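*Asks:*
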Amino acid sequence: MADLPIHTIVFEILTRLPAKDVGRSKSVCKQWYALLSTQDFVRIHCSRSLVSSNQRVLLIDDLTCSVRPIISKSNDYGPSSIVTFPFHHQNNDVSILSHLNGLLCVCLNHTYELLLWNPTTTAFKRLSTPDSHGFYINNLDAVGLYVDADDDYKVLHIKRRSGVLGVYVYSREVDSWRNIPFITRQEYLSPHFNWSAGTFCGGTLYFTVCECWLGGTKRVICFDVNSEQFKEISFPPVPSIGMDQGVLVNVKNELHMFASTGMFEMTIDLWTLQGDYWIKVLSCPPIPPISLSLWCDITHYVTNGNWFVMTKLGKLFTIEMDMKPFECFYPVSWFRGFKGAVFVQTIVSPSI
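When we follow the UniProt record's numbering, the leftmost residue of the sequence shown carries the number 1, and every step to the right adds one.
1) For Asp151, which three-state DSSP category applies?
2) Please confirm if the region 178-197 is in contact with the region 118-132, defined as three or more CB-CB distances below 8 Å between the two stretches.
3) Closer than 7 Å by C-beta to Glu12: which residues in its own chain qualify, once you throw out the five before and the five after it? Chain order, please.
4) Can you round the beta-carbon distance between Val83 and Ser66 to whole angstroms, since I take them to be within the 8 Å contact cut?
5) If you reduce the DSSP assignment to three classes, tell me which class Cys29 lands in.
6) Would DSSP call Ile13 helix, strand or coil?
7) If you drop the 5 nearest sequence neighbours on each side, which residues of the same chain put their C-beta closer than 8 Å to that of Arg48?
8) Check Val332 in the structure and name its three-state DSSP category.
9) If you pair each beta-carbon of the region 158-171 with each one of the region 139-146, do three or more pairs fall below 8 Å?
10) Secondary structure at Arg43, three-state DSSP: helix, strand or coil?
11) Exposed or buried, which one is Gly134 when buried takes at least 16 other CB atoms within 10 Å?
12) So, is Ala34 buried or exposed, given that buried needs 16 or more other C-beta atoms within 10 angstroms?
13) Please report the distance separating the alpha-carbon of Phe329 from that of Ile60.
14) Have a look at Thr64, Asp150, Ser25 and Gly78 and flag the residue whose alpha-carbon is nearest the alpha-carbon of Val94.
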């Protein structure tokens, strides 16, 4: 260490600071401000921040927006702190559509505008344009946030408007939208199909596309973020007994799906994608069926050797598993789409 240049030593130390401390450190001097603002610093700091101790749960209700730490030893929530939205809104009408590396892609429901927002630094960027790009309509559109091989953060926006399809990519680097072709079955563009938010994993953005919850066609659409090509793969072979739903989860850069099925009580299977095929990891039991009302309240899963099914009020079930601990939290079900997010505290900026 004594042989290293002082610049390198400072760089190594600062990239290990919590995100909020990095923000405070920018005021130390001009040299530190310049260093902490470089893309290399942000990228390395982000990679070192993707640990469970930096994860937070953001919850939005009609009156407040709050952030809670997650206590890894007890797998429960810590005390909440109130967050003030840095942008104009009406009665907390903010829907969270996608999240990646501390950035949230959100929609303002009263104006339909898309925004990128870092709740840790409070910085945000409006993605709407005068030529009607960057406007999101619930139940028709789908959004996925990803980063490409050039470290450019992008938003994929699939728009369905009265039978007319548009697929657009927003680039943070160039601050603009462009159209790309969508090559798969045209019937998936029908409003009869419901698209999930995108889940980014291993250079691919994945969406579930379901004709309806009671039977019907169910597929997974894959978007290669570097070639910008689409393809589709099958759903796991889950028996269709009443309602069914598949929620995609990136676990250590491997794609998993929590597939739930049932009518008044729901069972959950966990699958992992290997190549283009699904392999079952666990099935129920080991946890009893979940009543529909509780199933609708599930917020996320947490792993620490075992899996814990969480709701806003705390732990619902513990799934004992003989697996290496992931020590991370994974969003799931209703919570994922609108009124909450599990995010990591970083200094990644929504704009360049």
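Beta carbons are placed, not taken as given, at the ideal position from N, Cα and C, and that holds for glycine.
A quick note: this is a predicted structure, and the numbers were derived from the prediction, not measured.
*Replies:* Taking the definition as stated:
1) coil
2) no
3) none
4) 6 Å
5) coil
6) helix
7) Thr15 and Arg16
8) Annotation note: pLDDT 42 at Val332 (below 50); position unreliable, no value reported.
9) yes
10) helix
11) buried
12) exposed
13) Confidence in Phe329 is poor, its pLDDT being 46 and thus under 50, which makes the residue's placement unreliable; the coordinate value appears in the next sentence. Rounded to the nearest angstrom, the two C-alpha atoms are 18 Å apart.
14) Thr64
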